[in-house]
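Every letter in the sequence shown is one number past the one before it in UniProt numbering, and letter 666, counting from 1, is 666.
Ideal placement from N, C-alpha and C gives every residue a C-beta, glycine not left out.
Owing to the predicted nature of the structure, the values given are computational and were not obtained by experimental measurement.
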Amino acid sequence: MEPTELVFHGASRSPLVTLRVHSLKAGFGAEGLERWLFRMRVQKRLSSLGALLAFSSVVFAGQVFRGQTLDEDPSRPPSALDPSIGLSGLEHSPTDVTKETGGARTAVITLGLGADPGYEFFHRVEAHNQSSVFAGTPWLASAYPSGAWKGAVQPEAFVSVPDRSATAGSVMEPYNDSPQALQAEFDRAGSTNVPMDSWIYPALDRLAALGLIPTQSISIRPWTRRECLRQVREASDHATREGALNASGGAEADRLIDDLDRELSSEESASGTATLESAYVRFGTIAGPALADSYHFGQTWWNDFGRPLGRGSSFIVGFSARANSGRFFLYAREEAQHSPGNPVQSPAVVQLINSIDTQGVPNEPVIAGIPARSAYQRYRPIELYAGATFWGNAFSFGKQELYWGPTVSGPLSFSSNAEPTWNLRFVSTRPHSFPGFLEPFGTFRFDVVAGKLSGHHYPARPLFNGGKLSLNFGENVEISITRWSLLCGVGHPCNLHAFIENLRSSQSTGLNGGGGSGGYGDPTDPGDRKSGFDFRFKPPGLRKIVTLYSDSYADDEVMPLETPNRSAFSPGIYFARLPFLPQVDLRVESNSTNRYSGDKFLGGYLLFWNNQYLDANTNKGFLLGNAVGRDGRAVEGHLGYWTSARSRAEIMYRQNKGGPHFLPGGSTITDVSYKESFALGKDWTAEVFAQYERFFIPPISPGPQHNSSGWFQIMWNPQLRVSRKK
1 MEPTELVFHG
11 ASRSPLVTLR
21 VHSLKAGFGA
31 EGLERWLFRM
41 RVQKRLSSLG
51 ALLAFSSVVF
61 AGQVFRGQTL
71 DEDPSRPPSA
81 LDPSIGLSGL
91 EHSPTDVTKE
101 TGGARTAVIT
111 LGLGADPGYE
121 FFHRVEAHNQ
131 SSVFAGTPWL
141 ASAYPSGAWK
151 GAVQPEAFVS
161 VPDRSATAGS
171 VMEPYNDSPQ
181 ALQAEFDRAG
191 STNVPMDSWI
201 YPALDRLAAL
211 GLIPTQSISI
221 RPWTRRECLR
231 QVREASDHAT
241 REGALNASGG
251 AEADRLIDDL
261 DRELSSEESA
271 SGTATLESAY
281 VRFGTIAGPA
291 LADSYHFGQT
301 WWNDFGRPLG
311 RGSSFIVGFS
321 ARANSGRFFL
331 YAREEAQHSP
341 GNPVQSPAVV
351 QLINSIDTQG
361 VPNEPVIAGI
371 PARSAYQRYR
381 PIELYAGATF
391 WGNAFSFGKQ
401 ELYWGPTVSG
411 PLSFSSNAEP
421 TWNLRFVSTR
431 PHSFPGFLEP
441 FGTFRFDVVA
451 GKLSGHHYPA
461 RPLFNGGKLS
471 LNFGENVEIS
481 ITRWSLLCGV
491 GHPCNLHAFI
501 ENLRSSQSTG
511 LNGGGGSGGY
521 GDPTDPGDRK
531 SGFDFRFKPP
541 GLRKIVTLYS
551 DSYADDEVMP
561 LETPNRSAFS
571 PGIYFARLPF
581 LPQVDLRVES
591 NSTNRYSGDK
601 FLGGYLLFWN
611 NQYLDANTNK
621 GFLLGNAVGR
631 DGRAVEGHLG
641 YWTSARSRAE
651 IMYRQNKGGP
661 HFLPGGSTIT
671 DVSYKESFAL
681 GKDWTAEVFA
691 QYERFFIPPI
701 SPGPQHNSSG
711 WFQIMWNPQL
721 RVSRKK
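See below:
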C-alpha cells in the first residue's frame, strides 16, 4: 500500500514535520490488549530547536494500550491502515490540544473521519520543556472506515515516557540500545529456542547484515523466541531512523520485519500457555549411490540433524510443541522417520577404515564394518528439553541443539549436521553489557555445556564438556572463543580428578605428543581437548552491505591462531543485497581441514580425530561440526532471492576435495542444488529441495559416481494455544 502522510503544524500553521506511515498493524492479545506497531520515516526536520526537543519525546513504536471494544462486529480490526482515509493536514495547533493533567502534559487529538464525529485518543509524556511546541503524538487507532471498528482508550492506559530531550537532532528512540533495558521484562519469563532450520534465522541474519541489529550475537545459537523478538524490535527501531537505509533497502527490511513480528509477537503473552508450534511431513528420495559417512568419505545431504541417509525413499512425520509457565519452559520436537536402509560395507572398505582410524599402537581395537540393513522405521525426539530463565540467562537439560559459529555451511565444533546431544546447558539468552567501567564498550554472551555423545564404540559412552564466550564491540565487530573436550568413556576413569585434569590440560598424552606410552585406552589420558575462535566484522563504509566472518578449530591447542598450520579454518563473506538487485543476496564460504606440521601433511590423524577416542567428533555416526571431513577443502556459494522472510529461493554450488594423505588418491565431491520455501497463507509453508551430486572416491568406487536427490516438505504452523485459567 501507499504510505499515508501526516503533517504536524505549529501555532503559525507552518508545517513542522511530515511523517509517512508505512504500516499500521493491529491485533487482539489476551484480555483485550491491542497492540499497535507504527513504523514511520521523518521526511522533513523540525523547523525549530524547541520543536525538536519536544518532538524527541514522541513514541513511535511498540506501545500497548488496554482498549475497550464498543462494536464487536467485526471483532478484529483490519490488519493495515486503509490508504483511502485522508489523514494529511492535521490542523490542530499545539495550544488547542494540550492540557496539564497530574503534573504531566497530555495531548488530546481528535480525528474526523468523514461524517463520523471523531474519536479522542490520549498520549501522556512527562513535561520537560514548558516551551515545547508539541508534547505528544496522535495515535491512529481510530483510523478505520466508519463502522468497521471503534475503540476508546481508557485513561489508565496512559503511558509515561522519560525525558529524552538530550538526544537533540534525532527522533526519540523507542527502545534503549542497552540489552538490559530491552530485555528487563523478558528476563522474568521462560522462552524456548527457535530450531536452527527455521526461516527466522536467515531473516534476522539479513537484517543484521543491513545494519539494523547492532547488538546481535551470532556465535552462540540457537536463540530463544524472546531473544528473536528483541532483535525484531531493535531492527524495527533502527529502520525508522532517518538515513538508516535507502528506499530499496528499507522496503526489504520492512518485508522481513513484518513477517518476523507476526510470528513472534505472541511471545509477549506466552506465559502460562502450551502451544502446538508446528506439524510437518517430508518426503525425500536419493536416486543413485548415496554418501552417508562424512567422518570418512562424504555426505550427500548436509546439516539435516543426523536423519537417516541412504539410496531410496525416506519419509518423515513430525511435530513440535512448547509450554511456558513463569520462568519455566518445556520444548518437544518429535519425528517418526522411515529410512531406506543401507548396504553392507565391503571388506576392502572396512580394511581402509581400520587403516585410517588406527595407528598400530598397543591395545587398538579392530573396527567392525557396518552390516546391511533393510528399510526401517524409528521414532525419536529431535529436541526434548526443559529449563528455567533468570537474569537474562537460562539453565536447561535434555536433548538440545548447539550451534557455535557464524557460518551457514556449519560451524567446525557444533552444528546441525548431527543429531542434537543430551546435555546440561547454562547459557546467556541475550547480550549482557560489559561490567563496570567497560559497559560502554560492548556486550557479551556465554554458553557452558556438559553432556554425552551417542553412537560411539571406541570407546563407548564418552562424555563431553564445553564453553564458549562471545564478545561484541560496538556495531561492527564480534569475536568468540571456544573450548570443549571429550572425556571418560569405557576404559577411562570418570571422577573428579579426571575432570580437573581434563580442564587444566592442553597437550595430548597420546602417540602424537606428551610422552604418553599407554597406547589405546590409556587411563591417564586427560581426554580429547579442542579449541576454537571465530569472528564477524562489518567493514567501514560497507557495513550495511558486506559482512566478513570466519570460524577456526584446533585439536590439542590452546587457540587455533597459535598454530595455524595445525588448525582448521572456515572463512566467509555475505552480501546482504547486490547493486541494482535489492532482493538478491550472495554468500560464499570456504572450509579447510587439510593441515600439516612442518613439512609433513597429517592427513586424517589430527582434526576431528583422537588416538584415544577413535569416533571423536561424531554423534551417532555424523560429524558434530562441519561435514567437510577430516582432511578436506570445500568451497560453496549461495545465491538467494527474497520475496519475503518466509518465501525465498536459493541456488547453491559446493565442491569438497579430500586430501590424498587421508584417502588414497584423494576424493572430489561436487553438488549443485536448488532450494525454495514459500508461504501458503498465514499458517502453511512449503519447501522443495533438489540436488545433483557427482563424486569420485577411488578407494570405494573405480570411477565417478552420481546421484540425483530431493525432498518436499509441507509445514503447518497453527500456533494453537491452551492458556491457564487465571
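Rounded C-alpha distance that separates residue i from residue j
i, j, result
"R425", "R483", "15 Å"
"G318", "I714", "11 Å"
"R401", "P579", "Rather than Arg, the amino acid found at residue 401 in this sequence is Glu. C-alpha separation (whole angstroms): 36 Å."
"W470", "F446", "It should be pointed out that residue 470 corresponds to Ser in this sequence rather than to Trp. When rounded, the distance between both Cα atoms is 6 Å."
"A54", "D237", "Low local confidence applies: a pLDDT of 32 at A54 is under 50, so the model's placement there is unreliable, with the coordinate-based value given in what follows. Spanning the two alpha carbons is a distance of roughly 19 Å."
"R633", "S592", "4 Å"
"K538", "P214", "11 Å"
"E562", "I479", "16 Å"
"S723", "G272", "6 Å"
"G288", "Q337", "21 Å"
"S708", "G681", "31 Å"
"D528", "S248", "50 Å"
"S590", "S269", "42 Å"
"Y201", "E475", "19 Å"
"S93", "L245", "Unreliable positioning characterises S93 in this predicted model, as indicated by a pLDDT of 34, which lies under 50. The coordinate reading is nonetheless provided below. Whole-angstrom Cα-Cα distance: 32 Å."
"S160", "Y379", "In this predicted model, S160 has a pLDDT of only 29, less than 50, meaning its place in the structure is not dependable; the value taken from the coordinates is given anyway. Going by the C-alpha atoms only, they are around 53 Å apart."
"E334", "P308", "15 Å"
Local Cβ density within 10 Å of residue i, reported as buried at 16 or more and exposed below that
i, result
"L720", "exposed"
"G118", "Confidence at G118 is low in this model, with a pLDDT of 33, below 50, so the placement of that residue should be treated as unreliable; the coordinate-derived value is given next. The residue in question, G118, is exposed, as its Cβ has fewer than 16 Cβ neighbours within 10 Å."
"R226", "buried"
"residue 727", "Coverage of the chain is limited to positions 1 through 726, which leaves residue 727 absent and any answer about it impossible."
"W391", "exposed"
"N495", "exposed"
"P560", "buried"
"D683", "exposed"
"G436", "exposed"
"R630", "buried"
"G211", "buried"
"R504", "exposed"
"N717", "buried"
"P406", "buried"
"F305", "buried"
"N417", "buried"
"A290", "buried"
Segment limits, alpha helix (DSSP H) that includes residue i
i, result
"E234", "R225 to A239"
"H497", "L496 to R504"
"Q351", "P347 to D357"
"A290", "Premise fails: A290 is in no alpha helix (DSSP H) and is neither H nor E."
"S248", "A247 to L264"
"R206", "I200 to A209"
Sheet register partners of residue i (DSSP bridge)
i, result
"R654", "E636 and D671"
"F569", "S552 and S592"
"F329", "N324 and G387"
"N619", "F622"
"H706", "R694"
"I481", "L469 and F533"
"W422", "K399 and K452"
"V722", "A274"
"A679", "T685"
"Y280", "G318 and M715"
"G298", "D293"
"F446", "L469"
Span of the beta strand (DSSP E), counted from its first residue to its last, around residue i
i, result
"L384", "Y376 to F390"
"S470", "L463 to F473"
"Y692", "W684 to F696"
"G398", "N393 to Q400"
Test: residue i CB closer than 7 Å to a CB of chain C
i, result
"S709", "You won't find chain C in this structure, because it holds only one protein chain."
Segment contact, 8 Å Cβ cut-off, at least three pairs: the stretch 320-330 with the stretch 345-362: No, they do not touch.
Validate contact between the stretch 698-715 and the stretch 659-669 using beta carbons, cut 8 Å, 3 pairs: Yes, they touch.
Sufficient close CB pairs (3 or more, under 8 Å) joining the stretch 490-503 to the stretch 530-543: No, because fewer than three Cβ pairs between the stretch 490-503 and the stretch 530-543 fall closer than 8 Å, the two stretches do not touch.
Segment contact, 8 Å Cβ cut-off, at least three pairs: the stretch 281-291 with the stretch 392-399: In the pairwise beta carbon analysis, the stretch 281-291 is classified as not touching the stretch 392-399: fewer than three pairs are separated by under 8 Å.
Cβ contact (3+ pairs, closer than 8 Å) linking the stretch 601-615 and the stretch 668-680: They do not touch, by the three-pair rule.
Touching by the beta-carbon criterion (3+ pairs, under 8 Å), the stretch 291-310 and the stretch 247-264: Result no; under three Cβ-Cβ pairs closer than 8 Å.
Three-pair Cβ contact test at 8 Å for the stretch 610-620 versus the stretch 564-578: By the Cβ criterion, the stretch 610-620 is not in contact with the stretch 564-578, since fewer than three pairs of Cβ atoms, one from each stretch, lie closer than 8 Å.
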